[in-house]
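For reference, the structure is listed below as C-alpha coordinates.
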Amino acid sequence: MHDFFTLDRSSVSNQVVDHFKRLIQGNKLKAGEKLPAERELARQLNVSRNSIRESYKILATLGFIEIKHGLGVFVSEHNENLDSLASNFLVRSHQFADLFEIRKLLETQGVEWVIQRSTDRQIAALDDFVTGTIGAVLNGPVDAQELAYRDQRFHLTLAQLSGNSVTYRIMQHLTDLLSDVRTEAAKLPKRIEQSWEEHACIMAALKQRDSDAAKAAMMRHLSSMEHALGLTASGGEMP
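Here our numbering = 1-based position in the sequence shown + 1063.
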(Lines of atoms letter the chains of each structure in order from A and count residues from 1; the text may use other names and numbers.)
(Lines give C-alpha, C1' and ligand atoms only; values in the text may rest on other atoms or scores of the structure.)
Protein backbone atom coordinates (compact mmCIF):
# COMPACT_ATOMS: atom_id res chain seq x y z
CA MET A 1 0.00 0.00 0.00
CA HIS A 2 1.28 3.46 -0.84
CA ASP A 3 1.92 5.99 1.90
CA PHE A 4 -0.63 8.76 1.76
CA PHE A 5 -0.20 12.38 2.71
CA THR A 6 -1.66 14.54 5.45
CA LEU A 7 -4.39 16.99 4.51
CA ASP A 8 -5.33 20.34 5.88
CA ARG A 9 -9.05 20.98 5.92
CA SER A 10 -9.22 23.36 2.94
CA SER A 11 -10.26 22.06 -0.47
CA VAL A 12 -9.89 18.46 0.66
CA SER A 13 -11.21 16.86 -2.51
CA ASN A 14 -8.96 18.98 -4.74
CA GLN A 15 -5.92 18.05 -2.66
CA VAL A 16 -6.76 14.36 -2.98
CA VAL A 17 -7.23 14.75 -6.74
CA ASP A 18 -3.90 16.53 -7.17
CA HIS A 19 -2.09 13.97 -5.01
CA PHE A 20 -3.36 11.00 -7.01
CA LYS A 21 -2.64 12.78 -10.29
CA ARG A 22 0.99 13.19 -9.22
CA LEU A 23 1.25 9.54 -8.20
CA ILE A 24 -0.25 8.34 -11.49
CA GLN A 25 1.72 10.72 -13.70
CA GLY A 26 4.91 9.85 -11.81
CA ASN A 27 4.19 6.18 -12.46
CA LYS A 28 4.10 5.46 -8.73
CA LEU A 29 0.61 4.08 -9.24
CA LYS A 30 0.53 1.67 -12.16
CA ALA A 31 -2.21 1.12 -14.73
CA GLY A 32 -4.71 -1.37 -13.37
CA GLU A 33 -3.60 -0.93 -9.75
CA LYS A 34 -6.44 -0.96 -7.24
CA LEU A 35 -6.91 2.10 -5.03
CA PRO A 36 -8.17 2.02 -1.43
CA ALA A 37 -11.91 1.85 -0.85
CA GLU A 38 -13.63 5.10 0.12
CA ARG A 39 -13.99 4.09 3.76
CA GLU A 40 -10.36 3.00 4.10
CA LEU A 41 -8.92 6.10 2.43
CA ALA A 42 -11.21 8.40 4.42
CA ARG A 43 -9.94 6.76 7.63
CA GLN A 44 -6.29 7.07 6.56
CA LEU A 45 -6.66 10.77 5.71
CA ASN A 46 -9.12 11.55 8.52
CA VAL A 47 -11.64 13.11 6.14
CA SER A 48 -15.24 12.36 5.25
CA ARG A 49 -16.21 9.63 2.81
CA ASN A 50 -18.05 12.30 0.81
CA SER A 51 -14.74 14.08 0.17
CA ILE A 52 -13.15 10.85 -1.07
CA ARG A 53 -16.20 10.01 -3.19
CA GLU A 54 -16.07 13.45 -4.81
CA SER A 55 -12.33 13.11 -5.44
CA TYR A 56 -12.77 9.74 -7.10
CA LYS A 57 -15.58 11.11 -9.25
CA ILE A 58 -13.35 13.96 -10.45
CA LEU A 59 -10.43 11.62 -11.16
CA ALA A 60 -12.74 9.31 -13.13
CA THR A 61 -14.11 12.23 -15.14
CA LEU A 62 -10.57 13.36 -15.96
CA GLY A 63 -9.70 9.83 -17.08
CA PHE A 64 -7.16 8.94 -14.40
CA ILE A 65 -9.14 6.16 -12.74
CA GLU A 66 -11.97 3.76 -13.46
CA ILE A 67 -14.71 3.03 -10.95
CA LYS A 68 -15.89 -0.56 -11.40
CA HIS A 69 -19.03 -1.08 -9.36
CA GLY A 70 -18.77 -4.12 -7.14
CA LEU A 71 -15.05 -4.44 -7.82
CA GLY A 72 -13.44 -1.20 -6.68
CA VAL A 73 -11.47 1.76 -8.00
CA PHE A 74 -8.55 1.20 -10.37
CA VAL A 75 -5.93 3.32 -12.11
CA SER A 76 -7.08 3.67 -15.70
CA GLU A 77 -5.56 1.34 -18.27
CA HIS A 78 -5.79 4.15 -20.82
CA ASN A 79 -3.13 6.82 -21.12
CA GLU A 80 -5.46 9.47 -22.53
CA ASN A 81 -6.56 11.70 -19.67
CA LEU A 82 -7.26 15.40 -19.84
CA ASP A 83 -3.74 16.31 -18.72
CA SER A 84 -2.10 14.29 -21.48
CA LEU A 85 -4.68 15.58 -23.93
CA ALA A 86 -3.68 19.11 -22.96
CA SER A 87 -0.11 18.48 -24.08
CA ASN A 88 -1.26 16.83 -27.31
CA PHE A 89 -3.67 19.64 -28.17
CA LEU A 90 -1.09 22.32 -27.52
CA VAL A 91 1.31 20.60 -29.88
CA ARG A 92 -0.81 19.37 -32.74
CA SER A 93 -4.56 19.92 -32.43
CA HIS A 94 -6.57 22.11 -34.78
CA GLN A 95 -9.90 21.14 -33.27
CA PHE A 96 -10.48 24.32 -31.30
CA ALA A 97 -14.10 24.42 -32.47
CA ASP A 98 -14.68 21.10 -30.72
CA LEU A 99 -13.40 22.63 -27.50
CA PHE A 100 -15.76 25.56 -27.92
CA GLU A 101 -18.67 23.13 -28.30
CA ILE A 102 -17.78 21.63 -24.93
CA ARG A 103 -17.48 25.08 -23.41
CA LYS A 104 -20.94 26.00 -24.67
CA LEU A 105 -22.42 22.94 -22.99
CA LEU A 106 -20.63 23.48 -19.69
CA GLU A 107 -20.83 27.25 -19.41
CA THR A 108 -24.44 27.75 -20.45
CA GLN A 109 -25.53 25.19 -17.87
CA GLY A 110 -22.99 26.62 -15.47
CA VAL A 111 -24.55 30.09 -15.32
CA GLU A 112 -27.88 28.50 -14.41
CA TRP A 113 -26.19 26.76 -11.49
CA VAL A 114 -24.54 30.04 -10.51
CA ILE A 115 -27.98 31.62 -10.23
CA GLN A 116 -29.26 28.72 -8.14
CA ARG A 117 -26.27 28.32 -5.83
CA SER A 118 -24.31 31.57 -5.45
CA THR A 119 -24.93 34.42 -3.05
CA ASP A 120 -25.63 38.03 -3.94
CA ARG A 121 -22.27 38.95 -2.42
CA GLN A 122 -20.41 36.49 -4.66
CA ILE A 123 -22.13 37.78 -7.77
CA ALA A 124 -21.49 41.39 -6.71
CA ALA A 125 -17.77 40.65 -6.24
CA LEU A 126 -17.50 39.18 -9.74
CA ASP A 127 -19.47 42.11 -11.15
CA ASP A 128 -16.98 44.51 -9.52
CA PHE A 129 -14.14 42.58 -11.15
CA VAL A 130 -15.79 42.88 -14.58
CA THR A 131 -16.51 46.59 -14.09
CA GLY A 132 -12.92 47.21 -12.98
CA THR A 133 -11.54 45.42 -16.02
CA ILE A 134 -13.76 47.39 -18.38
CA GLY A 135 -12.51 50.60 -16.77
CA ALA A 136 -8.89 49.51 -17.23
CA VAL A 137 -9.50 48.67 -20.90
CA LEU A 138 -11.17 52.01 -21.58
CA ASN A 139 -8.46 54.02 -19.81
CA GLY A 140 -5.53 52.74 -21.78
CA PRO A 141 -3.70 49.80 -23.30
CA VAL A 142 -3.58 46.68 -21.16
CA ASP A 143 -1.09 43.88 -21.75
CA ALA A 144 -2.61 41.04 -23.79
CA GLN A 145 -1.43 38.41 -21.31
CA GLU A 146 -2.98 40.32 -18.41
CA LEU A 147 -6.28 40.51 -20.29
CA ALA A 148 -6.09 36.81 -21.10
CA TYR A 149 -5.53 36.08 -17.41
CA ARG A 150 -8.53 38.24 -16.45
CA ASP A 151 -10.71 36.47 -19.01
CA GLN A 152 -9.64 33.10 -17.64
CA ARG A 153 -10.32 34.27 -14.09
CA PHE A 154 -13.82 35.42 -15.06
CA HIS A 155 -14.79 32.08 -16.59
CA LEU A 156 -13.16 29.97 -13.86
CA THR A 157 -14.87 32.03 -11.16
CA LEU A 158 -18.21 31.32 -12.82
CA ALA A 159 -17.33 27.61 -12.87
CA GLN A 160 -16.42 27.77 -9.19
CA LEU A 161 -19.64 29.60 -8.31
CA SER A 162 -21.62 26.92 -10.14
CA GLY A 163 -20.97 24.68 -7.15
CA ASN A 164 -20.10 21.72 -9.37
CA SER A 165 -16.54 20.61 -8.64
CA VAL A 166 -16.32 18.36 -11.70
CA THR A 167 -17.32 21.23 -13.99
CA TYR A 168 -14.70 23.41 -12.32
CA ARG A 169 -11.92 20.86 -12.84
CA ILE A 170 -12.86 20.31 -16.48
CA MET A 171 -12.98 24.07 -17.07
CA GLN A 172 -9.50 24.38 -15.58
CA HIS A 173 -8.22 22.01 -18.23
CA LEU A 174 -10.20 23.61 -21.05
CA THR A 175 -8.92 27.07 -20.18
CA ASP A 176 -5.37 25.68 -20.19
CA LEU A 177 -5.95 24.16 -23.62
CA LEU A 178 -7.23 27.49 -24.91
CA SER A 179 -4.65 29.73 -23.22
CA ASP A 180 -2.87 30.57 -26.47
CA VAL A 181 -6.20 31.23 -28.19
CA ARG A 182 -7.20 33.58 -25.38
CA THR A 183 -3.97 35.57 -25.69
CA GLU A 184 -4.36 35.86 -29.46
CA ALA A 185 -7.95 37.01 -29.06
CA ALA A 186 -6.76 39.77 -26.72
CA LYS A 187 -4.74 41.19 -29.62
CA LEU A 188 -7.65 41.41 -32.07
CA PRO A 189 -8.85 44.98 -32.79
CA LYS A 190 -11.98 45.88 -30.80
CA ARG A 191 -12.29 42.28 -29.58
CA ILE A 192 -11.34 43.17 -26.02
CA GLU A 193 -14.02 45.82 -25.63
CA GLN A 194 -16.62 43.53 -27.16
CA SER A 195 -15.63 40.57 -25.02
CA TRP A 196 -15.91 42.49 -21.76
CA GLU A 197 -19.17 44.09 -22.83
CA GLU A 198 -20.43 40.54 -23.32
CA HIS A 199 -19.16 39.64 -19.85
CA ALA A 200 -21.11 42.62 -18.51
CA CYS A 201 -24.27 41.32 -20.21
CA ILE A 202 -23.77 37.95 -18.54
CA MET A 203 -23.36 39.67 -15.19
CA ALA A 204 -26.49 41.78 -15.71
CA ALA A 205 -28.52 38.60 -16.20
CA LEU A 206 -26.91 36.94 -13.18
CA LYS A 207 -27.71 39.92 -10.95
CA GLN A 208 -31.34 39.68 -12.08
CA ARG A 209 -31.29 35.92 -11.42
CA ASP A 210 -32.59 35.41 -14.96
CA SER A 211 -31.46 31.95 -16.07
CA ASP A 212 -32.71 32.20 -19.66
CA ALA A 213 -31.06 35.58 -20.19
CA ALA A 214 -27.80 34.41 -18.59
CA LYS A 215 -27.63 31.28 -20.74
CA ALA A 216 -28.41 33.28 -23.88
CA ALA A 217 -25.77 35.89 -23.01
CA MET A 218 -23.15 33.19 -22.43
CA MET A 219 -24.00 31.49 -25.71
CA ARG A 220 -23.73 34.81 -27.58
CA HIS A 221 -20.38 35.48 -25.96
CA LEU A 222 -18.86 32.11 -26.83
CA SER A 223 -20.30 32.16 -30.36
CA SER A 224 -18.95 35.68 -30.86
CA MET A 225 -15.49 34.61 -29.74
CA GLU A 226 -15.67 31.54 -31.98
CA HIS A 227 -16.56 33.73 -34.95
CA ALA A 228 -13.82 36.26 -34.17
CA LEU A 229 -11.24 33.48 -34.19
CA GLY A 230 -12.50 32.12 -37.51
CA LEU A 231 -13.48 28.74 -36.12
CA THR A 232 -15.83 26.53 -38.10
CA ALA A 233 -18.61 24.28 -36.82
CA SER A 234 -16.23 21.36 -36.47
CA GLY A 235 -12.52 20.86 -36.81
CA GLY A 236 -11.96 24.58 -37.04
CA GLU A 237 -8.51 26.07 -37.14
CA MET A 238 -7.17 29.31 -35.86
CA PRO A 239 -6.51 31.75 -38.70
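Just so you know, even glycine gets a beta-carbon here, dropped at the ideal spot from N, CA and C.
Check: Apart from the five residues on each side of it in sequence, which residues of its chain come closer than 7 Å, Cβ to Cβ, to residue 1093?
Finding: 1138
Checklist line | Whole-angstrom distance between residue 1097 and residue 1165, CA atom to CA atom | finding: 31 Å
Check: Tell me which same chain residues have a C-beta within less than 7 Å of the C-beta of residue 1196, skipping the five on either side of it?
Finding: 1213 and 1259
Next item on the list: Would you mind stating whether residue 1134 and residue 1176 have Cβ atoms separated by less than 9 Å?
Entry: no
Next item on the list: Leaving out five residues on either side along the sequence, give the residues of the same chain with a beta carbon under 8 Å from the beta carbon of residue 1263.
Entry: 1193, 1194 and 1197
Notebook entry, point to check: Residue range of the alpha helix (DSSP H) that residue 1135 falls in?
Noted result: Here residue 1135 belongs to no alpha helix (DSSP H); instead the beta strand (DSSP E) covers 1135 to 1138.
Notebook entry, point to check: Do residue 1265 and residue 1221 have their CB atoms nearer than 9 Å?
Noted result: yes
Item checked: residue 1129: first and last residue of the uninterrupted beta strand (DSSP E) it sits in -> 1128 to 1131
Item checked: Bridge partner(s) assigned by DSSP for residue 1098 -> 1136
Margin query: When you compare the stretch 1181 to 1189 with the stretch 1231 to 1242, are there three or more beta-carbon pairs, one atom per stretch, that lie closer than 8 Å?
Written below: no
Check: What did DSSP end up calling residue 1271 once you bin it into helix, strand or coil?
Finding: coil
Check: Near residue 1226, which residues of its chain fall below 7 Å by C-beta distance, leaving aside the five closest residues on each side in sequence?
Finding: 1176 and 1180
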